[in-house]
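Everything below concerns the one structure shown next.
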Amino acid sequence: MATVTVTATARPDRTSVRGNPAYQAYLILRTGFIVAPILFGLDKFTNLLADWTTYLAPAVDRLVPGSASGAMLAVGIVEIVAGLVVAVRPKVGGYLVAAWLAGIITNLLLLGDHYDVALRDFGLLLAALALARLATAFQPNHDAAAV
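Below, the structure is given as structure tokens:
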């Protein structure tokens with residue numbers, strides 16, 4: 008009868024993980040998906056970057072109660088929360104941001120304009136999915152405790 012020996016592998020030290028290109032990609036994506044949603048969310052309250060109401064499809068505007076400005080304030084809150092979720096739980100946050108981007112893409116397609124922005128947001132959606140997948144490798148215990 009053959010004997011199988013199982014040995015515990017040592018956890019890689021921080022230096023080797025930091026030099027890992029996949030870990031570096033994870034950090035880049037995580038940082039981007041923390042900062043960008045929070046900044047864009049905050050801008051919904053100031054409209055410094057854009058008049059965000061022009062990006063709201065009339066069909067969506069009719070569905071939500073209140074004004075387009077009020078809807079954009081709610082959007083801003085959701086974006087800020089999404090960025091904070093990425094900061095705390097990147098695996099969950101990555102999927103949350105991807106779902107949010109799918110909603111933005113749908114809105115832009117309903118608007119019948121800004122197809123270039125919709126295509127860019129599709130690229131961001133793929134990046135958010137990549138973040139969620141990478142988080143399973145680099146934050147496995149952190150996110151497992153949250154579920």
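Using the numbering used here, you'd call the opening residue of the sequence shown number 8 and step up by one each time. For every residue, glycine included, the Cβ atom is placed at its ideal position computed from N, Cα and C.
Quick test of your reading: residue 131 and residue 108, contact by CB under 8 Å. State the CB separation rounded to the nearest angstrom. Between residue 108 and residue 131 the Cβ distance is about 6 Å, and since that is below 8 Å, they are a contact.
Euclidean distance between Cα positions of residue 48 and residue 72: Answer to the nearest angstrom: the Cα atoms are 19 Å apart.
Buried versus exposed, by CB contacts within 10 Å (16 or more), residue 97: So residue 97 counts as buried.
Helix, strand or coil for residue 114 per DSSP? Here residue 114 sits in helix by DSSP.
Can you give, in chain order, each stretch of the beta strand (DSSP E) that sits fully within the region 69 to 116 and has at least 3 residues? You should have found no qualifying run.
Does the separation of the CB atoms of residue 83 and residue 41 fall below 7 Å? The answer is no: Cβ separation not under 7 Å.
On the three-state DSSP scale, how would you describe residue 43? Residue state, collapsed to three classes: helix.
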